[in-house]
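Undergrad: Residue numbers (our numbering): 71 to 204.
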Amino acid sequence: MLGVDTNVLVRFFVRDDEDQFSQAERLIGGAGSGTLFISPIVMVELNWVLRRVYRYSRQEVMDVLQGMTEFRQFQLGKREMITEALSLASASGVDFSDALIALLDREAGCTATVTFDVRALRLEQMLAVGEALN
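#1: Work out the CA separation of Val134 and Phe83 for me, nearest whole Å.
#2: Who are the Cβ neighbours of Gln136 in its own chain at under 6 Å, not counting the five residues just before and after it?
#3: Out of curiosity, what's the CA-to-CA distance linking Val164 and Leu191?
#4: Judging by CA-CA distance, which residue of Leu97, Ile98 and Arg81 is the nearest neighbour of Phe91?
#5: Between which two residues does the alpha helix (DSSP H) holding Leu173 run?
#6: Please work out which residues of its chain come closer than 6 Å, Cβ to Cβ, to Arg121, disregarding the five sequence neighbours upstream and downstream, and give them in chain order.
#7: Can you tell me whether Phe166 is buried or exposed, with buried defined as 16 or more other CB within 10 angstroms of its CB?
#8: Give me the Cβ distance between Pro110 and Ile152, rounded to the nearest whole Å; I'm assuming they're in contact under 8 Å.
#9: What's the gap between the Cα of Val114 and the Cα of Gly73?
#10: Would you call the CB atoms of Glu154 and Leu174 closer than 8 Å?
#11: What residue does the alpha helix (DSSP H) around Met132 start on, and which one ends it?
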């Protein structure tokens, strides 16, 4: 199994560098089932890069991330949690990264995740910093 860095996925999905796209396509297309490991950190970073650098819409990013769950070549780290985070993000309109943070914190035993992010507060696991101080 090989771990895949975010930049390989960016080249594959964005196709902004033909040489690197070609290499990424050959790597992914030629890989056996479950032989390319995608860590949750890579998923979060890909979300950020596509939104901030490439100006993908929230829905376009969600489509890419959701599509990644269907690649037979990809072994997603914390697959069930990634899938749950994608569902939470889709249902609530929060950012995928915030949904994943909330789930990771819950798994670690946190009763809540404090935040200043008003949109993230749509998630049950999130708590406004001001409320935590009371």
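We put the beta carbon where it would ideally sit given N, CA and C, even for glycine.
TA: With the given structure in hand:
#1: Within the sequence shown, residue 83 is the residue found at index 13, counting from 1. Within the sequence shown, residue 134 is the residue found at index 64, counting from 1. When rounded, the distance between both Cα atoms is 8 Å.
#2: Taking the first residue of the sequence shown as position 1, residue 136 is located at position 66. The answer, listed in chain order, is Leu156.
#3: The residue given as residue 164 occupies position 94 in the sequence shown. The residue given as residue 191 occupies position 121 in the sequence shown. Cα to Cα, the separation comes out at about 9 Å.
#4: Start at 1 with the first residue of the sequence shown, and residue 91 comes out as number 21. Among Leu97, Ile98 and Arg81, the Cα nearest to that of Phe91 is on Arg81.
#5: Locating residue 173 in the sequence shown gives position 103, where the first residue counts as 1. First-last of the alpha helix (DSSP H) with Leu173: Phe166 to Glu177.
#6: Taking the first residue of the sequence shown as position 1, residue 121 is located at position 51. The beta carbon of Arg121 sits closer than 6 Å to those of Val131, all from its chain and outside the five residues before and after it, given in chain order.
#7: Reading the sequence shown from its first residue, position 96 is the one you call residue 166. With 16 or more Cβ atoms within 10 Å of its Cβ, Phe166 is classed as buried.
#8: Here the question's residue 110 lines up with position 40 in the sequence shown. Here the question's residue 152 lines up with position 82 in the sequence shown. With a Cβ gap of about 6 Å, Pro110 and Ile152 count as contacting.
#9: Position 44 of the sequence shown, counting from 1, holds the residue named residue 114. Position 3 of the sequence shown, counting from 1, holds the residue named residue 73. Whole-angstrom Cα-Cα distance: 15 Å.
#10: For this step, residue 154 is matched to residue 84 along the sequence shown. For this step, residue 174 is matched to residue 104 along the sequence shown. Not a contact, by the Cβ cut-off of 8 Å.
#11: Taking the first residue of the sequence shown as position 1, residue 132 is located at position 62. Met132 -> alpha helix (DSSP H) spans Arg128 to Met138.
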